[in-house]
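Asker: What follows is a single structure, and I will ask about it in a moment.
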Amino acid sequence: MFRMIGSLLCAGAFAAVAAATSASAQDTSQAAQEVPEYVGSQACVSCHEDAAENWEMSHHAQAWRMPGPDMLVGAFEGEVFEHDGMQATFTTEGDARIVTVLEKDGIERRYTVHSVGGVTPLEHLILETGKGRMQSFDVVWDVEQKAWFHLYPDQDLPPQDAYHWSGAYKNWNARCAECHATGFEKNYDFRTKRYASTQVEIGVGCEACHGPGAAHLEIVQEGTTPPGRYAIALNDWGFSAEMGDPQKAMEQCAGCHSRREAFGEGNPLPGTAFAEAYNLAMLRPGLYHADGQILDEVYVYGSFKQSKMHDAGVTCANCHEPHSSALVAEGNAICTQCHSEAGNPDFPTLRLAEYDSVAHTKHAEDSEGGQCVSCHMMDQVYMGNDWRRDHNFRVPRPDVSARLNTPDACTRCHSDEDSDWAAAQVAAWFPQGRWRTPHYGDVLARGRGNSQAAAGELMALAQDASQADMVRATALWLLGPGANALDLAELGAFLEDPDPQVRVGALDALKERAAVASAPYLIKGLNDEVRAVRIAAARAIMGQPASRMPDSLRPYVGQAYQEFGAMVRNQLDFAEAHLQVAGYSMVAGNIPAAIASLREAVRINPQNVQAWQSLVRLSAQTEGRAAAARHLRRALRYNPEDQVLQQMADQL
């Protein structure tokens, strides 16, 4: 059974996957007839003039634009930009903007600018490269300085690199467009390797958040919508998204403002719960520092979910005007609308005190140090000149930074001092302050270093209801092999937690346990009401070798593959998806399918040495040394410095 089901999802039988994808597209088309149609943002303007005026100048409205006279001002006048052996020349021919690129391999090509992403502080060129592919060019326009600059000046990215601007990781269709458009559908055809992407409108329009507007227009124009006409639930105004519910509205924001894995192949219907459409990234290395501070570009939501403000019910709209996205107040006033002696009746648990004063900030009024954000929302630059603030709203903990070598708000300004100095200063200012309390960052750091040694601490952190759900979920996710030393019933109890991400974290821990014991919990997860939890359970079940599969779990294997397959067929242009499929194929004993999946993974990302190593080993076992040597030669052509590949070559 494992071999049969595995082959249906693996690259060895992608015709079956393509057929399933086609059938899914037909099902989606049928479902589309049962929901209101999109009508476009301009249909909203005449009745909602104030909201439309705010929106039209927002970063949302201008997130993706066709070239026009109001953008790229001062550019495409014959400028030449050179970087690391590459030369780009920007010219105008009639109404067309042309980029002529001489790559470092000596090949020159001309591209017409298809469109522009973003508005300020930078404008990002989107170039068409064939087969429906739109690619994000790495040379971008600085709006303020009116100059070109390279997003990754320190990287050596030859044209055959997956992170080169023409590679898989800079593909606009797959990696960017759904958060820059309304009603976007990727429409990738695995068989032809082509995209036929569509969208209702470029830019984040009214219906990107509220949902399709046809039913709303019916209500406005006719006074009602015929009962039973639409197969989905609509609110009183005919929209699929319930924006009047602050928490549901925030999840609508989170769909784009988060680092996550998408289950679909484009925009989910607005109003879809976050965990039905996405798997939120944990506080994992490479994305976050051990104490939860931002490291890579994580787009706010994962940071905000760590905060006490999130736990208190604060949402995006408490600080940002929903249509313009601008702050609702300037400077410290954005914070003192709640954090003051008067407080805010919407949040009765607030401690009433004066915060906007030298007594609290310990810095002069109107100074940089006197700004709330300087201490509680450190910023970091991404994409060369785009500063983003950490939305954890953390109390400065230079003592934690000293232990974990993480960013410290104090020494950001006092660069001639260190975190130990800052910790002593904070202790002197606030002798009863929060610096005296344990911080979850210490436990997560130990868990990252040795999950088995830290298993008890990670479990205690996950069980601490006073901690943010994001932190508790990450503690469970970090357990890994350490889960084997813990009480199985205590781990299983997390599947009753109200937060779906905690349940996902629990399943990540439970997959380390012998299936004969964990089977009841895996089955429970597979039948969870939330899709993110079901997919986590499916992965845990699919990772169980057939030889160790208990009889109680076998009837659920097909259900697990169906749950996983419904997601992975939307990710066939991602090397990561093929790596997962290869792994599950190996567990299922379907080695030819695993090899085919690995071949596709390295085709998409030839720099993935893990996939190359597995491909060489499996090929040697099943096809012989000559086949393995052919794969190894290609692997070394793309990754000449990899020591493991070099050692494999020596062995062959």
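For this note's numbering, count along the sequence shown from 1 and bump the result up by 411. No residue lacks a Cβ here, since even glycine has one placed at the ideal position from N, Cα and C.
Can you tell which of S718, C617, R476 has the C-alpha that lies nearest to the C-alpha of Q878?
Answerer: With distances taken between Cα atoms, Q878 lies closest to S718.
Asker: With a cut-off of 8 angstroms on the beta carbons, I'd call I946 and L964 a contact; round off their distance for me.
Answerer: I946 to L964, Cβ: 17 angstroms. No contact.
Asker: Suppose the cutoff is 8 angstroms on Cβ atoms and the five residues either side in sequence are ignored; what does the same chain contact list for S577 look like?
Answerer: Taken in chain order, the residues that qualify are T540, Q546, P570.
Asker: Whole-angstrom Cβ separation of Y793 and G624, contact assumed at under 8 angstroms?
Answerer: Between G624 and Y793 the Cβ distance is about 33 angstroms, and since that is not below 8 angstroms, they are no contact.
Asker: Please classify R1036 as buried or exposed, where buried requires at least 16 neighbouring CB atoms within 10 angstroms.
Answerer: Exposed: under 16 other Cβ atoms inside 10 Å.
Asker: By Cβ distance below 6 angstroms, which residues in the same chain neighbour S785 in space, the five residues on each side in sequence not counted?
Answerer: These residues qualify, in order along the chain: E779.
Asker: From V551 to C620, what does the alpha carbon distance come to, in whole angstroms?
Answerer: V551 and C620: Cα-Cα distance of roughly 28 angstroms.
Asker: Would you check if the distance between the CB atom of L1063 and the CB atom of L1043 is smaller than 8 angstroms?
Answerer: Contact flag set, yes.
Asker: Distance check for G675 and T523, CA to CA, integer angstroms please.
Answerer: Distance between the alpha carbons of T523 and G675 is about 30 angstroms.
Asker: Is it true that the CB of A723 sits closer than 8 angstroms to the CB of F758?
Answerer: In contact: F758 and A723 (Cβ atoms closer than 8 angstroms).
Asker: I need the straight-line Cα distance from V446 to G677, nearest angstrom please.
Answerer: Approximately 16 angstroms, taken between the alpha carbons.
Asker: Please list, in chain order, all residues of the same chain as F804 whose beta carbon is under 6 angstroms from its beta carbon, the five residues on each side excluded.
Answerer: Taken in chain order, the residues that qualify are S718, M720, H787.
Asker: Helix, strand or coil for I518 per DSSP?
Answerer: Here I518 sits in coil by DSSP.
Asker: Please classify L1063: does DSSP put it in a helix, a strand, or coil?
Answerer: L1063 falls in the coil class under three-state DSSP.
Asker: With three or more C-beta pairs closer than 8 angstroms as the rule, is the segment 636-654 touching the segment 590-605?
Answerer: In short, these stretches do not touch, since the Cβ pair count stays below three.
Asker: Whose C-beta lies closer than 7 angstroms to the C-beta of A1060 among residues of the same chain, with five residues either side of it excluded?
Answerer: The residues are L1043, L1047.
Asker: For A626 and Y606, which I take to be in contact (beta-carbon distance under 8 angstroms), what is that distance rounded to the nearest angstrom?
Answerer: That pair is no contact at about 30 angstroms.
Asker: Closest to E612 by CA distance: which of V711, N743, A925, W475 is it?
Answerer: Nearest of V711, N743, A925, W475 to E612, Cα basis: W475.
Asker: How big is the Cα-Cα spacing for G858 and L890?
Answerer: When rounded, the distance between both Cα atoms is 7 angstroms.
Asker: At a cut of 8 angstroms, does the segment 746-766 reach the segment 821-835 through at least three beta carbon pairs?
Answerer: No: the two stretches stay apart, fewer than three of their Cβ pairs being nearer than 8 angstroms.
Asker: With a Cβ-Cβ cutoff of 8 angstroms, do D702 and H561 count as a contact?
Answerer: No, these two residues do not count as a Cβ contact at 8 angstroms.
Asker: Terminal residues of the continuous alpha helix (DSSP H) containing M870?
Answerer: It spans 866-874 - the alpha helix (DSSP H) in which M870 sits, taken as one unbroken run.
Asker: Count the CB pairs spanning the segment 497-510 and the segment 472-488 that are closer than 8 angstroms, and state whether there are at least three.
Answerer: Taking 8 angstroms as the limit for Cβ pairs, the verdict is that the segment 472-488 does touch the segment 497-510.
Asker: Using the beta-carbon count (16 or more within 10 Å), is A886 buried or exposed?
Answerer: The residue in question, A886, is buried, as its Cβ has 16 or more Cβ neighbours within 10 Å.
Asker: Who pairs with G541 in a beta bridge, going by DSSP?
Answerer: DSSP, once it has assigned bridges, lists R544 as partnering G541.
Asker: Just reading off the beta strand (DSSP E) that A499 is part of, what are its end residues?
Answerer: A499 -> beta strand (DSSP E) spans 497-504.
Asker: Roughly how many angstroms lie between the CA atoms of E464 and F985, to the nearest whole one?
Answerer: Their backbone Cα atoms lie some 38 angstroms apart in a straight line.
Asker: Spatial neighbours of L933 within its chain, please: CB distance less than 6 angstroms, with the 5 preceding and 5 following residues excluded, ordered by chain position.
Answerer: Counting only Cβ-Cβ distances below 6 angstroms, and skipping sequence neighbours, we find A948, A951, I952.
Asker: Is the Cβ-Cβ distance between A866 and V854 less than 8 angstroms?
Answerer: Cβ distance not < 8 angstroms, so A866 and V854 don't count as in contact.
Asker: So the beta strand (DSSP E) A507 belongs to, where does it begin and stop?
Answerer: Counting along the chain, the beta strand (DSSP E) containing A507 begins and ends at 507-513.
Asker: Near R508, what residues of its chain come up, given a Cβ to Cβ distance below 6 angstroms and the 5 sequence neighbours on each side ignored?
Answerer: Closer than 6 angstroms at the Cβ level, and outside the excluded window around R508, lie P478, F487, V524.
Asker: Hey, would you say G528 sits closer than 8 angstroms to H535, going by beta carbons?
Answerer: The answer is yes: Cβ separation under 8 angstroms.
Asker: In terms of alpha-carbon separation, which member of T817, R808, S812 lies closest to V837?
Answerer: Per the Cα distances, R808.
Asker: Going by alpha carbons, who is nearest to L533 out of K604, N796, Y574?
Answerer: Nearest of K604, N796, Y574 to L533, Cα basis: N796.
Asker: Our contact map puts S469 next to S735 with C-beta atoms below 8 angstroms; I'd like the distance itself, whole angstroms only.
Answerer: Confirmed, about 5 angstroms.
Asker: Return the bridge partner residues of I705 from the DSSP annotation.
Answerer: Answer is Y699, bridged to I705.
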